[in-house]
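Counting in our numbering, the sequence shown runs from -9 upward without gaps. For glycine and all other residues, C-beta sits at the position ideal for the given N, C-alpha and C. Report on one structure; see the data block that follows.
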Amino acid sequence: MRFALLCLILISILQANCQTSLSGVVNSYYAVTALNTPNATLTVSSVSGINVGDILLMIQMKGASIDQSSSSSYGDVNSYNGAGSFELVEVCEIIGNDVVLTGRLVNSYSGSGAIQLISFPDLTSISIDGKIEAQEWNGATGGVVCMRAQNSITLNDSIDVSHQGFRGGDHLVSPFDCNFLFTLDAYEYEASTGYGAMKGEGIANYTVNNGGRGPLANGGGGGNDHNSGGGGGSNASSGGMGGINDEPSTFNCQGDFPGEGGKSLSSGGDKVFLGGGGGAGHCNSTFNNKAGDGGGIVILMANEIIGNNQSILANGEDGLRGFGDGGSGGGAGGSVLLFADNFSSTLNIQAIGGNGGNGNGSYLDDLGNVFNTASFRCFGPGGGGSGGFVWFKGGTTPAGVNIAYPGGASGLVSNTQETGCDGLSNGATSGESGVTDHNAIVPTSNKINTACTANPQLNLGNDTLICYSQNLTLTAQLSGTYEWSTGESTQSITVTDAGTYWVKVNINGWFICDTIVVTNSGVNVDLGPDQTICGDQTITLDAGSGGTTYIWSTGETTQSIDVLTGGVYSVTADDGYCFNSGEITITECVENLFIPNTITPNGDGENDTWIIDGLNNYPGNHVTIMNRNGMKVYESTDYNNDWDGSQLPAATYFFILDLNDGISQFHGTITLIRQP
-9 MRFALLCLIL ISILQANCQT SLSGVVNSYY AVTALNTPNA TLTVSSVSGI NVGDILLMIQ
51 MKGASIDQSS SSSYGDVNSY NGAGSFELVE VCEIIGNDVV LTGRLVNSYS GSGAIQLISF
111 PDLTSISIDG KIEAQEWNGA TGGVVCMRAQ NSITLNDSID VSHQGFRGGD HLVSPFDCNF
171 LFTLDAYEYE ASTGYGAMKG EGIANYTVNN GGRGPLANGG GGGNDHNSGG GGGSNASSGG
231 MGGINDEPST FNCQGDFPGE GGKSLSSGGD KVFLGGGGGA GHCNSTFNNK AGDGGGIVIL
291 MANEIIGNNQ SILANGEDGL RGFGDGGSGG GAGGSVLLFA DNFSSTLNIQ AIGGNGGNGN
351 GSYLDDLGNV FNTASFRCFG PGGGGSGGFV WFKGGTTPAG VNIAYPGGAS GLVSNTQETG
411 CDGLSNGATS GESGVTDHNA IVPTSNKINT ACTANPQLNL GNDTLICYSQ NLTLTAQLSG
471 TYEWSTGEST QSITVTDAGT YWVKVNINGW FICDTIVVTN SGVNVDLGPD QTICGDQTIT
531 LDAGSGGTTY IWSTGETTQS IDVLTGGVYS VTADDGYCFN SGEITITECV ENLFIPNTIT
591 PNGDGENDTW IIDGLNNYPG NHVTIMNRNG MKVYESTDYN NDWDGSQLPA ATYFFILDLN
651 DGISQFHGTI TLIRQP
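What follows is the structure, given as structure tokens:
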């Protein structure tokens, strides 16, 4: 007996030691800024904290298109466009801010739908020892708590995403001075006009007409002028209607078009939503009457969830009361998805809709000051937010799980001086109760990116240096189809030039790339074209500065040499890594061509012009003379031995003589001397 008791104690200790204690905000959120579905590549705002091999939750928060007709159909969802879709994805590769996934996505997503990637604790067992919360939804990220445990998730404290869902309509003071002759009954207005208060946030994106009584899918509609209440937000059931502003006088502004409640959404299947924000009540005073925020989303995945009589809370927020204004709508309850096979101990779930705000006629502050004492009107209360959505893996609701998701109550008229007003709802309604569903799924993208599955290594090698005139073969060792930066599509290519080369291998529709930088050795010997040497001319041959040692066919070991006679000259240059050779043929003049290097144009009849003996044997010859700055000072075809350097200063000039024989070209200097 003592042995059995000892074993039980040891098992309990081991189980406790395998648990990871969590509290606070345990998720990280990454806004997806671009989506490349064919290649399963997501561009995110930051990759800090994301690693190859991570399992992440991908979820689209918004992006639905809605009916915007001037009818009661306003706000009906025409297409979800991926809003509410979610799945688990695995990171294959990170390139800059691009996250490449291991598999194609199961669901369809819209790049304009506020998609986020969420990292989550993925552990053996989890112990919640302090309250768990989400980052509040900010329009791009947040609002979701997600955790997964191989064995169990034990609640020793609560998970609370209340008021962390879609945002309620903001308090805006109307600049419009109403007129009893005007009927403001449209479903949408630009909120800044004051004709309609701001709509609550929902799965459809805001447009420029962000005010008015029409709901934004599950975001409640804003109350129209004058002082009508806002509609409640919704989730899988409908939000409550706002109340009218009943004016006893015919000549006062009526408020007959309050905000309508958010529309019920098709939760379950493969979709889950934040609770919709309530619509604001119409306001023309400075007292804050912001509408309630919706509840967030909780997704728990485990073999067992141990409740310990703790709570998962995803409640909507109450709408604020109006003081001499319309009350605002409550936020809807959020969503709780429990993907677990077993439940033990009591677990409490709340996804309660927020209450609508009252339409108050007067207000007593902490100092005893009374405001709006002449309130002989019945101001419009706000509608209640709907209850939330609870979703279980199994086919029935587990025993020991208590669910509370009533819709929020509507606001009431209060503190007015109009007889019979106080306590009325003026048509405002409560939100509908929440919805439970079963057979939940957590979609997971199929791991069909063979590039990741096989963990291939595409490696063109380290950046390298090759010698001039040598070849380098680059090979993509993976099987697939190939696209090289050179335009070639073979598995291997041969390169001789320096440059950056890349290859992209397509493996069953997935791409993997690599790049290599190739540089050339500095030893590049070029002695230039063959030349002709005449008379006492000297030709300088230069092997270039890339080498550290030089060996000429003449036996010399300098970088350059001077030659006086014809022949074949060669050189080999070596930099310790590469060597290169060059060769040039120097041909001696056959026609006894003589090129003088001095003229003295002083009019004495001797050496007054530059006379090249034998040049007449080379018709089509071309002469170019330049100064020391490389500026051309003379040029002639079929030179007639008549250049005298007139109007040029005494100096040394440089010439190029091309004999037009396809072989011979002479370079040298000529000195112009001015004698008195």
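Reduced DSSP category for Ala399 - H, G, I as helix; E, B as strand; rest coil:
Counting from 1 along the sequence shown, the entry for residue 399 is found at position 409. In the three-state scheme derived from DSSP, where H, G and I count as helix and E and B as strand, Ala399 is classed as coil.
Alpha carbon to alpha carbon, how far is Ile296 from Phe333? Give it in angstroms, no decimals.
Position 343 of the sequence shown, counted from the first residue, corresponds to residue 333. Position 306 of the sequence shown, counted from the first residue, corresponds to residue 296. Put simply, the backbone Cα of Phe333 is about 6 Å away from that of Ile296.
Using a Cβ-Cβ cut-off of 7 Å (strictly less than) and excluding sequence neighbours within five positions of Gly537, which residues of its own chain qualify?
Here residue 537 refers to the residue found at position 547 when the sequence shown is read from its first residue. Closer than 7 Å at the Cβ level, and outside the excluded window around Gly537, lie Val513, Ala563, Asp564 and Asp565.
When you compare only the Cα positions, how much space is there between Tyr624 and Ile615?
Within the sequence shown, residue 624 is the residue found at index 634, counting from 1. Within the sequence shown, residue 615 is the residue found at index 625, counting from 1. Roughly 5 Å separates the two Cα atoms.
Report the rounded CA-to-CA distance for Asp308 versus Gly282, giving the unit in angstroms.
Here residue 308 corresponds to residue number 318 of the sequence shown, with the count starting at 1. Here residue 282 corresponds to residue number 292 of the sequence shown, with the count starting at 1. Near 5 Å, if we compare the C-alpha coordinates of Gly282 and Asp308.
Consult DSSP for Ala444 and reduce its assignment to one of helix, strand or coil.
Walking along the sequence shown from the start, residue 444 turns up at place 454. Because Ala444 carries a pLDDT of 47, less than 50, the predicted location of this residue cannot be relied on, and the following value inherits that uncertainty. In this structure, Ala444 counts as coil in the three-state DSSP scheme.
Can you grab the Cα-Cα spacing for the pair Thr10 / Leu113, in whole Å?
By one-based count along the sequence shown, residue 10 stands at place 20. By one-based count along the sequence shown, residue 113 stands at place 123. Cα-Cα distance, rounded: 7 Å.
Below 7 Å CB to CB, which residues in the same chain sit around Ala54 once its five sequence neighbours on both sides are set aside?
Taking the first residue of the sequence shown as 1, we reach residue 54 at position 64. Correct list, in chain order: Val67, Ser69, Tyr70, Asn71, Ala73, Ile193, Ala194 and Ala207.
State the start and end residues of the unbroken beta strand (DSSP E) segment that holds Asn338.
The residue labelled residue 338 in the question sits at position 348 within the sequence shown. Per DSSP, Asn338 belongs to the beta strand (DSSP E) from Leu337 to Gln340.
Let's see if you can read the secondary structure: which residues bound the beta strand (DSSP E) around Phe333?
Translated into positions along the sequence shown, residue 333 becomes position 343. Taken as a continuous stretch (DSSP letters only), the beta strand (DSSP E) holding Phe333 covers Ser325 to Ser334.
Gly374 and Gly317 - do their beta-carbons sit closer together than 8 Å?
In the sequence shown, the residue the question calls residue 317 occupies position 327. In the sequence shown, the residue the question calls residue 374 occupies position 384. In this structure, Gly374 does not lie closer than 8 Å to Gly317 by Cβ.
How should Asp315 be labelled, buried or exposed, when 16 other C-beta atoms within 10 angstroms of its C-beta is the threshold for buried?
Here residue 315 refers to the residue found at position 325 of the sequence shown. By the neighbour-count definition (other C-beta atoms within 10 Å, threshold 16), Asp315 is a buried residue.
Quick check: the Cα distance between Ser700 and Gly222, rounded to an integer number of angstroms?
Here the chain comprises residues numbered -9 to 666, so residue 700 is not present and cannot be evaluated.
Quick check: the stretch 505 to 512 against the stretch 523 to 533, are at least 3 beta-carbon pairs closer than 8 Å?
no
For Pro591, count the other beta carbons within 10 Å of its own beta carbon; 16 or more makes it buried, fewer makes it exposed. Which is it?
Your numbering for residue 591 matches position 601 in the sequence shown. The residue in question, Pro591, is buried, as its Cβ has 16 or more Cβ neighbours within 10 Å.
Count the other C-beta atoms from every protein chain shown that fall within 10 angstroms of the C-beta of Gly398, then say buried if there are 16 or more, exposed otherwise.
Numbered from 1 along the sequence shown, position 408 holds the residue referred to as residue 398. Buried, since its Cβ has 16 or more Cβ neighbours within 10 Å.
Ordered along the chain, which non-local residues of its own chain (more than five positions away) have a Cβ less than 8 Å from that of Ile663?
In the sequence shown, counting from the first residue as 1, residue 663 sits at position 673. Cβ neighbours of Ile663 beyond the five flanking positions: Thr588, Ile589, Thr590 and Ala640.
Helix, strand or coil: how does DSSP classify Ser182 here?
Mapped onto the sequence shown, residue 182 falls at position 192. If DSSP states are grouped into helix, strand and coil, Ser182 belongs with the helices.
Stretch pair the stretch 160 to 178 + the stretch 134 to 151: three plus CB contacts closer than 8 Å:
no
Give me the Cβ distance between Val81 and Val42, rounded to the nearest whole Å; I'm assuming they're in contact under 8 Å.
Position 91 of the sequence shown holds residue 81. Position 52 of the sequence shown holds residue 42. The Cβ separation is near 5 Å, so the contact holds.
Residue interval of the beta strand (DSSP E) (run including Met137):
If you number the sequence shown from 1, residue 137 lands on position 147. It spans Val134 to Ala139 - the beta strand (DSSP E) in which Met137 sits, taken as one unbroken run.
Helix, strand or coil for Asn607 per DSSP?
Start at 1 with the first residue of the sequence shown, and residue 607 comes out as number 617. Helix, per DSSP.
Pick from Val79, Cys136, Ala130 and Ser435 that is closest to Glu677, judged by C-alpha positions:
Because the chain here runs from -9 to 666, residue 677 falls outside it and cannot be looked at.
Uninterrupted beta strand (DSSP E) stretches inside the stretch 249 to 312 (no shorter than 3 residues)
287 to 296 and 300 to 303
Return the chain-ordered list of same chain residues with a C-beta closer than 6 Å to the C-beta of Phe501, the five sequence neighbours on each side being excluded.
Here residue 501 refers to the residue found at position 511 of the sequence shown. Excluding residues within five positions, the ones whose Cβ falls inside 6 Å are Lys494.
Evaluate Lys121 with the Cβ neighbour count: other Cβ atoms within 10 Å of its Cβ, from every protein chain shown; 16 or more gives buried, anything less gives exposed.
Mapped onto the sequence shown, residue 121 falls at position 131. Looking at its Cβ environment, which holds fewer than 16 other Cβ atoms inside 10 Å, Lys121 is exposed.
So, do the stretch 651 to 658 and the stretch 624 to 636 have three or more beta carbon pairs nearer to each other than 8 Å?
no
Span separating the alpha-carbon of Gly341 from that of Pro433
To locate residue 341, count along the sequence shown from 1; it is residue 351. To locate residue 433, count along the sequence shown from 1; it is residue 443. Looking at the sequence shown, residue 341 is not Gly but Ala. For Ala341 and Pro433, the distance between alpha carbons rounds to 23 Å.
8 Å contact criterion, which Asn97 and Ile118 should meet: CB distance rounded:
To locate residue 97, count along the sequence shown from 1; it is residue 107. To locate residue 118, count along the sequence shown from 1; it is residue 128. 29 Å between Cβ atoms; not a contact.
Thinking just about the alpha-carbon of each residue, which of Asp632, Met621, Gly284 and Glu573 is nearest to the one in Ile602?
Counting from 1 along the sequence shown, the entry for residue 602 is found at position 612. In terms of CA proximity to Ile602, Asp632 leads the group Asp632, Met621, Gly284 and Glu573.
Under a three-way DSSP split, which group does Gln467 fall into?
The residue you call residue 467 lines up with position 477 of the sequence shown. Three-state DSSP puts Gln467 in coil, outside helix and strand.
Beta-carbon proximity list for Val151, same chain, < 8 Å, skipping 5 on both sides:
Residue numbering aside, residue 151 sits at position 161 when the sequence shown is read from its first letter. The answer, listed in chain order, is Glu123, Ala124, Gly133, Val134, Val135, Gly285, Gly286, Ile287, Val288, Leu303, Ala304 and Gly324.
Helix, strand or coil: how does DSSP classify Ala24 here?
What you label residue 24 is simply residue 34 of the sequence shown in a count that begins at 1. Note: Ala24 maps to strand in three-state DSSP.
Between which residues of its own chain and Gly245 is the CB-CB distance below 6 Å, once the five residues before and five after are set aside?
On the sequence shown, residue 245 is found 255 positions in, with the first residue counted as 1. Contacts found: His216, Asn217, Ser218, Ile234, Asn235 and Gly370.
Name the two residues that bound the continuous beta strand (DSSP E) containing Met616.
The sequence position of residue 616 within the sequence shown is 626, counting from 1. Segment His612 to Met616, the beta strand (DSSP E) holding Met616.
Just the C-alpha distance for Thr575 and Pro586, rounded to the nearest angstrom, thanks.
Indexing the sequence shown from 1 puts residue 575 at position 585. Indexing the sequence shown from 1 puts residue 586 at position 596. Computed Cα separation, rounded: 23 Å.
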